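**Q** So the sequence shown is numbered by this note's numbering: it starts at -12 and just counts up by one.
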Amino acid sequence: MGTIAFIASLLFLHIVHSNNLGFSPDSMAYLEGAKNIKTGNGFIYNNGDLINHWPPLYSLILAISSFITNTDLLYTGKYLHTVLIIGVIFVFNRILNELRINKYLSIFIIVLILISAPFKIFLWQLSEGLFIFLLLSSFYCFALWLKDRSRKYLILTAIFSGLFFLTRFAGIGFIAAYILSIYFFSIGSNSKKIKNVFLFLIPLFLIITPWLLYAKFMDSDLQDGFFEMYTITGKKLGNFISVIKNWFFGSYFAVKSAPFVLILILFEIIKNRKRFFKLIPEYFIGYQRSIYVAFTLIISYTVFLFISASFFVNGIPFDNRILIPIFPFLIIIIATLLQFAFKHDFKLIFYCSIAFLLTSFATSGVPVYKEYYKNGLGFTQMKWKNSPTLDFISRDENMVYYSNANELLKLHTDKVANAFPNNSKKEQLQEVKKELENQSAQIVIIENFGWPSYLVPKNLILKEFRNFNFVNFKDGLIISGPSICK
């Protein structure tokens, strides 16, 4: 397994070196946080506001790694994600060993997750990679606690839980699952069960309390949302189901072959129905606690998402990034089912499932990595690296820029870049106009980038600055002074 981890890490490092890690607005926020931590300013945006939408651990580790290695934050992120890939392989393998999964089946499962489309999250400069590593580490420690009831493993579970909470607030859903599992799987009286719960909670709170106090000291709420009832739309429910479906049936081949594979599996179940149904209790007895905990983690996290989307943050997207934390636990459950089929000689079920999963994941996941290798992702796509508009700006004199793609400017030109005023503050365009007239600022419009609905519309900007100088490029335009208005 060490060889697989080494080869996978080299391959991953080669892929990410072909292009920078994928960047999104969230990536830029993490980078701003890391930059300001590194300079001693704290976990803040460049404007001085506390970054309160995420906890600080990912940016903190990025900043510390950059400081120790004396490398740029962008390059540090590449190596950090490579280390995380190795860590995930190692921990996942330990979990499979703890579940007594066959050695060769374990190798297959590891290969499966590495080529899966959901794990493309490791190609982005985001905190999910760190979150998954810490989450799997907590699950492994909890599995060890279930086996020998040693307090040290329960404390380690709490430590990793605190760390993944400091990586993403969504960790609350998994912490709730651990509390329930500790209570119900503790041996002894109610007082013993409650004692174990507190043994978990105390180190957990010791880890997260400094961040809570820091946020309080900065006079900021931990989230931008507030308690208000929202409606879970059918579209969001559909997105949730669609994401799960695409994990396993995300390619044309998978969709078309699934009915035939299902028929073959049902054929063997019906053919050996007496032995099959007789052995089912053995499966639940053999993997009872680990499977129940995995199911509890999945359900608790899902419930947390729906509660959050219903009462707190209506903008939560039910996409791959949000749902990725439950993917490893689904794979763990699948691994135990395959082990059950292999152990009891249900060959048709075993080999059909193996073939389907491998080809399904390969045909949906490999193209993602291939596309990234060729063109990059997000703000680091080749079309932005080779943008004539951005290239012109990078060679231009230093000044303030206003743009619909200020993140692109920050990443590729290292210029001072601001977003256009919000739609509710259109009067601020007059201040921008004065800066253009004084030749201290320019406007940059990037085509095919997208125009956030909360910004002043493009047609208003073109109308407001129609008497200024326009320089057109094939992928954008630059508006500059001096004004020729009479």
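Note that CB positions come from ideal geometry on N, CA and C, so glycine has one too. Computed from a predicted structure; not experimentally measured.
Classify Ser173 as helix, strand or coil using the three-state DSSP reduction.
**A** Coil.
**Q** Should Tyr127 go down as buried or exposed, given a rule of 16 or more other Cβ atoms within 10 Å for buried?
**A** By the neighbour-count rule (16 or more Cβ atoms within 10 Å), Tyr127 is buried.
**Q** Can you tell me which of Phe316, Ser351, Leu(-3) puts its alpha carbon nearest to the alpha carbon of Leu123?
**A** Among Phe316, Ser351, Leu(-3), the Cα nearest to that of Leu123 belongs to Phe316.
**Q** Measure the Cβ-Cβ separation of Ile380 and Lys402 and say whether it is below 9 Å.
**A** Result yes, Cβ atoms of Ile380 and Lys402 sit closer than 9 Å.
**Q** Considering only their Cβ atoms, is the gap separating Leu121 from Phe151 smaller than 9 Å?
**A** In this structure, Leu121 lies closer than 9 Å to Phe151 by Cβ.
**Q** So Asn23 is in the alpha helix (DSSP H); what residue range does that whole segment cover?
**A** 12 to 25 is the extent of the alpha helix (DSSP H) around Asn23.
**Q** If I follow the unbroken beta strand (DSSP E) through Asn456, where does it start and stop?
**A** Per DSSP, Asn456 belongs to the beta strand (DSSP E) from 456 to 460.
**Q** Would you mind giving the Cβ-Cβ distance between Tyr45 and Leu117, rounded to the nearest angstrom? I have them listed as a contact below 8 Å.
**A** That pair is a contact at about 5 Å.
**Q** Closest to Trp234 by C-alpha separation, out of Phe407, Val353, Ile257, Gly74, would be which residue?
**A** The residue with the shortest Cα to Cα distance from Trp234 is Val353.
**Q** Measure the alpha-carbon distance for Leu(-2) versus Ser173 and round it to whole angstroms.
**A** Whole-angstrom Cα-Cα distance: 43 Å.
**Q** On the three-state DSSP scale, how would you describe Ser238?
**A** In this structure, Ser238 counts as coil in the three-state DSSP scheme.
**Q** Report buried or exposed for Ile448, applying the criterion of at least 16 other Cβ atoms within 10 angstroms of its Cβ.
**A** Buried, because 16 or more other Cβ atoms sit within 10 Å of the Cβ of Ile448.
**Q** Give the straight-line distance between the Cα atoms of Ile313 and Phe129, rounded to the nearest whole angstrom.
**A** Straight-line Cα distance between these residues: approximately 16 Å.
**Q** Going by beta-carbon coordinates alone, are Phe348 and Leu395 separated by less than 9 Å?
**A** No.
**Q** Under a Cβ-count criterion, where at least 16 other Cβ atoms within 10 Å of its own Cβ denotes burial, should Ile267 be classed as buried or exposed?
**A** Under this definition Ile267 is an exposed residue.
**Q** Is it the case that the Cβ atoms of Ala163 and Ile72 are separated by a distance below 9 Å?
**A** Cβ atoms of Ala163 and Ile72: not closer than 9 Å.
**Q** The beta strand (DSSP E) with Leu449 in it runs from where to where?
**A** Run containing Leu449: none in the beta strand (DSSP E); it sits in the alpha helix (DSSP H), 445 to 451.
**Q** Opposite Leu464 in the DSSP bridges: which residues?
**A** In the DSSP output, where bridge partners are listed per residue, Leu464 has Ile432, Asn459.
**Q** Buried or exposed: where does His399 fall if 16 or more other Cβ atoms within 10 Å of its Cβ makes it buried?
**A** Buried: at least 16 other Cβ atoms inside 10 Å.
**Q** Going by beta carbon distance, what residues of the same chain come within less than 6 Å of Asn456, once the five residues before and after it are set aside?
**A** Closer than 6 Å at the Cβ level, and outside the excluded window around Asn456, lie Ser467.
**Q** Can you check which of these residues, Trp371, Lys134, Lys180, Leu191, is closest to Phe161 by C-alpha distance?
**A** Of Trp371, Lys134, Lys180, Leu191, the residue nearest in Cα terms is Leu191.
**Q** Grab the span of the alpha helix (DSSP H) containing Ser427 for me, first residue to last.
**A** Note, Ser427: premise wrong, no alpha helix (DSSP H); not H, not E.
**Q** First and last residue of the alpha helix (DSSP H) that includes Ala342?
**A** Ala342 -> alpha helix (DSSP H) spans 334 to 362.
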